[in-house]
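Student:
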Amino acid sequence: EGEAIAWHLVEVLKPKVPVRRMVFHEITREAIARALEDTRAIDQRLVDAQETRRILDRLYGYGVSPVLWKKVTKGLSAGRVQSVATRLVVQRERERMAFVSAEYWDLLATFDPGTFEARLVAVDGHRVAQGRDFAPDGVLRDEALVRLDEPGVKGLAERLDGASFTVRTSEEKPYRRRPAAPFRTATLQQEASRKLRFSAQTTMRVAQRLYESGYITYMRTDSTTLSESALDAARAQVRELFGDDYVPEKPRAYGRAVANAQEAHEAIRPAGDTFRTPDEVKGDVSRDEHGLYDLIWKRTLASQMEDARGQTVSLRIGATSKGGEDVELAASGTVITFRGFLAAYEPGRDEPSDDDEERKLPQLTVGQEVTLLTLEPDGHATTPPPRYTEPTLVKALEDRGIGRPSTYAAILSTIVDRGYVFKKGTALVPTFLAFAVVNLLERHFEQLVDYDFTARMEDDLDRIASGDEERSAWLKRFYFGDDGDPGLHHLVTENLDEIDARAVNSIAIPRTDAVVRVGRYGPYLERGEQRASLPADLEPDELTAEKVEELLARPDSQSLGQDPSTGNDVIVRSGRYGPYITEVLPEGAEEKPRTASLFSSMSTESVTLDEALRLLTLPRVVGTIDDEEVTAQNGRYGPYIKKGAESRSLETEEQLFTVTLDDARALLAQPARRRGRGSAKAPLRELGADPTTGRPVVLKEGRFGPYVTDGETNASLRRGDTVEGVTSERAAELLAERRAKSA
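For what it's worth, this note's numbering labels the leading residue of the sequence shown as 196, then goes sequentially.
(1) Got a sec, what are the start and stop residues for the alpha helix (DSSP H) PHE329 sits in?
(2) Ordered along the chain, which non-local residues of its own chain (more than five positions away) have a Cβ less than 7 Å from that of PRO473?
(3) For TYR257, is the classification buried or exposed, using 16 other Cβ atoms within 10 angstroms of its Cβ as the cut-off for buried?
(4) Sorted by chain position, which residues of the same chain lie with C-beta nearer than 8 Å to TRP202's C-beta, five sequence neighbours on each side aside?
(5) If I measure Cβ to Cβ from VAL508 and keep anything under 6 Å in the same chain, skipping five residues before and after, which residues do I get?
(6) List, from N- to C-terminal side, the alpha helix (DSSP H) runs of 4 residues or more that fit wholly inside the segment 622 to 646.
(7) What does the alpha-carbon distance come out to for the pair THR419 and ARG447?
(8) Buried or exposed: which applies to THR609, given that a residue is buried once 16 or more other Cβ atoms fall within 10 Å of its Cβ?
(9) Pairing CB atoms from the segment 586 to 595 with CB atoms from the segment 378 to 385, are three or more of them under 8 Å?
(10) Given a threshold of 16 other Cβ atoms within 10 Å of its Cβ, counted over all protein chains shown, does LEU738 qualify as buried or as exposed?
(11) If the criterion is Cβ atoms closer than 8 Å, does the pair TYR255 and LEU623 meet it?
(12) Using alpha carbons as the reference points, say which of ALA859, LEU729, ASP758 and VAL825 lies closest to GLU745.
(13) With H, G and I counted as helix, E and B as strand and the rest as coil, what does DSSP make of ASP549?
(14) When you compare each of ALA503, VAL316 and PHE294 to ALA538 by their alpha carbons, which one comes out closest?
(15) Give me whichever residues DSSP pairs with GLN753 in a beta bridge.
(16) Cutting at 6 Å between CB atoms, please list the residues of its own chain near LEU929, excluding the five before and the five after it.
(17) If you count every other CB in all the chains shown that lies within 10 Å of the CB of ARG249, and 16 or more means buried, which is it?
(18) Does the distance from the C-beta atom of ALA525 to that of VAL687 stay below 8 Å?
(19) Give the secondary structure of HIS575 by DSSP, where H, G and I count as helix, E and B as strand, and everything else as coil.
(20) For LEU929, name the three-state secondary structure that DSSP assigns.
(21) Which full runs of the alpha helix (DSSP H) of 4+ residues lie inside the segment 417 to 490, going along the chain?
(22) What is the residue span of the beta strand (DSSP E) that LEU315 lies within?
(23) Distance check for LEU351 and GLN558, CA to CA, integer angstroms please.
(24) Give the secondary structure of ARG392 by DSSP, where H, G and I count as helix, E and B as strand, and everything else as coil.
(25) State the DSSP-derived secondary structure class of ILE512, mapped to helix, strand or coil.
(26) Please return the same chain residues whose Cβ sits closer than 7 Å to the Cβ of GLY873, not counting the five positions on each side in sequence.
(27) Residues in its own chain within less than 6 Å of THR649 by CB, not counting five upstream and five downstream?
(28) Assuming contact is defined by CB atoms lying nearer than 8 Å, are ALA267 and LEU635 in contact in what I supplied?
(29) Quick check: PRO774 and THR803, are their CB atoms within less than 8 Å of each other?
(30) Please list the terminal residues of the continuous beta strand (DSSP E) segment that includes LEU146.
(31) With C-beta atoms as the reference, is ILE766 less than 8 Å away from GLN753?
(32) Can you name, in chain order, every residue of its own chain whose Cβ lies under 6 Å from the Cβ of PHE794, other than the five neighbours on each side?
(33) Does HIS321 come out as helix, strand or coil in the three-state DSSP assignment?
(34) Along the beta strand (DSSP E) that carries SER527, what are the first and last residues, could you check?
(35) Taking its Cβ as the centre, do 16 or more other Cβ atoms sit within 10 Å of GLU778, making it buried, or is it exposed?
(36) Is GLY197 helix, strand or coil by DSSP?
See the structure below:
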């Protein structure tokens, strides 16, 4: 990207002096000075690779998206990486839908001395089944294992009452844990999600501000390498803060962690030849910036520290039951004797396990008898594979060599904006629309969503960057085909009539004869002649056989009573955009029935007739401005006011009934914001009227951080300003300074 920008600048400016390219990875005086001393010519191979990537993405998107419009619904998009990402999320949901939970039991005991826990692991020499031993369909993979049920394990516990328990084996092993590599883009997004609860987009926005302010190195990288000066800085700071014992004899080096890594930049680290501590930067950055800097600083130092060391002890404790069964229980514990890198940084985990915890066992010898304190039956059920979160989806793409650090945040945003995925907490849940799109792509464009094929395209683009592949020839092969490969053009223009739209828009529900159809107005359930609307927030894996029967048994609509003014029945129904109110007109009536969406705080089960009649008064006429009527309306993307062709969002649905003409005038004075998916967020704060212009001033979150605006002038917050602390006076001061600079 940087090479292409440089090339375009030269093309546009046509300089008459020699032009050289300087490359730096941090905005510090030292880095800029070094870059000026080591310039080079623009690398045309890198320019070609960037242009090829751009053309490839357009060929893919422009070619495949219209097929989705014809066969699924309008407004959809396909993309080289976004379609693969969507397929990953859908495939995981399919696995969850097909999953059958299995129940299994064991025993949890506590013993003295030392009051430690042990779990049943074997009966008569056969291992007791655990969760990992069950297939996704609930079947035990190895019939030789012992699967205990509740009655069986309770009976075993009774037969062990009064038994003598002795230590049969005791094994001690050294424990060693290595630090993780310095951050690259994907791992920074993953760790910021775990520890700071940042989305991928938030992480990149905050990192961008830190980079631009000279606090960290460039944040879009797939490299785990640190420069010599960074290694020296990290080791020196570790020695200063923790002592010589924490510094390895030699600097640590980390191998290539990512398939197809370009490694054009070094790892993400604090900027400069000496690192500022988080305390040193705290007063100059925002809270989010400080949190992310703290994470980067700790991870960088930890990567150049000694291993954590300790001892792990594993015990086997045995007994014989009254029924003659030989049982074994296992206990393990780890004691860390030297914390090493853990003194600086404890990596987060998506799914922490008991093994991560430090537990100490008492000193016991083989043959020693231990005292049983408690013995409790413990029931478990296998769980379906977890849904992807933003960081785990990025990791899945990265592990397959798909995408680039600079694209991951945008891809995640796109699949949500397109309606393919929604978030439940941090989990990414596919919509039935995503199922239909993936069905079509898998059946008719299989190669384009094949994980290996997509990764090989990244390899090809890298070969163009290194000069081993010629871009025009490669693009020609991709589009027009070669050696038995039909090419994209053939796929998107030939045999489209063979695509059965009904088939690709049908999603089978495991263990039922019902299907979900994705129709023009959204998904619905169908079995024979029976149909039922699907709740807007229904997650695909919740559509079980029992749920199918419940939905098909529901009436299509529910009467709330009669409108006293018209005598018409008022009913509530579920539609494409959620539940709504409508009226039943007499047969032969020429006018259309009034309709109104339920507020997000309402449900079909709880909405009353009075609430429904109030909703049917919408849209409400607020008044007139400049001889044009202003109305308050509720739309697909939320509440808003409208004046002619202009519209402005309202913050709450209740404002539809309370917004005044003065409120509307103030809203319309603000700059227009794009409505719909990806529309601008509501202001963070309102700061009153600007003393110079008289316009309302609001505080917003923008691409480059928080800023204040009066609708005409925008001014970013300065270092030391906080979202919570900005006053109306400070906002006016920032805007006045900005106007003065622009004058």
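All residues carry an ideal CB built from backbone N, CA and C; glycine is no exception.
Tutor: In short, the structure shows the following:
(1) Indexing the sequence shown from 1 puts residue 329 at position 134. That residue, PHE329, is in no alpha helix (DSSP H); it is neither H nor E in DSSP.
(2) Numbered from 1 along the sequence shown, position 278 holds the residue referred to as residue 473. Closer than 7 Å at the Cβ level, and outside the excluded window around PRO473, lie HIS485, TYR488, ASP489 and TRP492.
(3) Stepping through the sequence shown from its first residue, residue 257 is reached at position 62. Classification of TYR257: exposed, given that the 10 Å Cβ count is below 16.
(4) To locate residue 202, count along the sequence shown from 1; it is residue 7. Answer for TRP202: ILE237, GLN239 and VAL242, listed in chain order.
(5) On the sequence shown, residue 508 is found 313 positions in, with the first residue counted as 1. Same-chain partners within the cutoff: GLU367, GLY528 and LEU556.
(6) Entirely contained in the segment 622 to 646, the alpha helix (DSSP H) runs reaching 4 residues are, in chain order, 627 to 639.
(7) Taking the sequence shown and counting its residues from 1, one reaches residue 419 at position 224. Taking the sequence shown and counting its residues from 1, one reaches residue 447 at position 252. Approximately 11 Å between the Cα atoms of the pair.
(8) On the sequence shown, position 414 is the one that residue 609 refers to. Classification of THR609: buried, given that the 10 Å Cβ count is 16 or more.
(9) yes
(10) Against the sequence shown, residue 738 aligns to sequence position 543. Answer is buried; the Cβ neighbour count reaches 16.
(11) By one-based count along the sequence shown, residue 255 stands at place 60. By one-based count along the sequence shown, residue 623 stands at place 428. No, they are not a contact pair.
(12) Along the sequence shown, read from residue 1 onward, the residue named residue 745 stands at position 550. A check of alpha carbon separations from GLU745 across ALA859, LEU729, ASP758 and VAL825 identifies LEU729 as the nearest.
(13) On the sequence shown, position 354 is the one that residue 549 refers to. Its pLDDT being 47, under 50, ASP549 is placed unreliably by the model, and the measurement read from it follows with that caveat. In this structure, ASP549 counts as helix in the three-state DSSP scheme.
(14) As a position in the sequence shown, residue 538 is number 343, starting the count at 1. It is ALA503.
(15) Sequence index remark: in the sequence shown, residue 753 carries index 558 (1-based). DSSP lists VAL767 as partners of GLN753.
(16) In the sequence shown, the residue the question calls residue 929 occupies position 734. Cβ neighbours of LEU929 beyond the five flanking positions: VAL903 and ALA910.
(17) Here residue 249 is taken as the residue at index 54 of the sequence shown, counted from 1. Burial call: exposed.
(18) Translated into positions along the sequence shown, residue 525 becomes position 330. Translated into positions along the sequence shown, residue 687 becomes position 492. No, they are not a contact pair.
(19) As a first step, residue 575 is located in the sequence shown; it is residue number 380 there, counting from the start. Here HIS575 sits in strand by DSSP.
(20) One-based indexing of the sequence shown puts residue 929 at position 734. Residue state, collapsed to three classes: helix.
(21) 423 to 437 and 473 to 476
(22) The count along the sequence shown starts at 1 and reaches residue 315 at position 120. Here the beta strand (DSSP E) through LEU315 covers 311 to 318.
(23) Residue mapping note: residue 558 aligns to position 363 of the sequence shown, counting from 1. Residue mapping note: residue 351 aligns to position 156 of the sequence shown, counting from 1. Cα atoms of GLN558 and LEU351: separation of roughly 28 Å, rounded to the nearest angstrom.
(24) As a position in the sequence shown, residue 392 is number 197, starting the count at 1. In this structure, ARG392 counts as coil in the three-state DSSP scheme.
(25) By one-based count along the sequence shown, residue 512 stands at place 317. Of the three classes helix, strand and coil, the one that applies to ILE512 here is strand, per DSSP.
(26) Residue numbering aside, residue 873 sits at position 678 when the sequence shown is read from its first letter. In this prediction, GLY873 has a pLDDT of 42, which is less than 50 and means its spatial position is unreliable; what the coordinates show is noted afterwards. The answer, listed in chain order, is ASP612.
(27) As a first step, residue 649 must be located in the sequence shown, where it is residue number 454. Only VAL279 and ILE597 meet the Cβ criterion.
(28) Within the sequence shown, numbered from 1, the residue matching residue 267 stands at position 72. Within the sequence shown, numbered from 1, the residue matching residue 635 stands at position 440. As written in the sequence, residue 267 is Val, which differs from the Ala given in the question. Yes.
(29) Along the sequence shown, read from residue 1 onward, the residue named residue 774 stands at position 579. Along the sequence shown, read from residue 1 onward, the residue named residue 803 stands at position 608. Not in contact: PRO774 and THR803 (Cβ atoms no closer than 8 Å).
(30) The chain is shown from 196 up to 938; residue 146 falls before or after that span and cannot be answered.
(31) The residue you call residue 766 lines up with position 571 of the sequence shown. The residue you call residue 753 lines up with position 558 of the sequence shown. A contact, by the Cβ cut-off of 8 Å.
(32) Looking up residue 794 in the sequence shown gives position 599. If we look at PHE794 and ignore the five residues flanking it on each side, its Cβ neighbours are GLU848.
(33) Within the sequence shown, numbered from 1, the residue matching residue 321 stands at position 126. Strand at HIS321.
(34) Within the sequence shown, numbered from 1, the residue matching residue 527 stands at position 332. Looking at the DSSP string, the run of the beta strand (DSSP E) that includes SER527 is 521 to 533.
(35) Mapped onto the sequence shown, residue 778 falls at position 583. GLU778 counts as buried, since at least 16 other C-beta atoms from the protein chains shown sit within 10 angstroms of its C-beta.
(36) Walking along the sequence shown from the start, residue 197 turns up at place 2. Three-state result, GLY197: helix.
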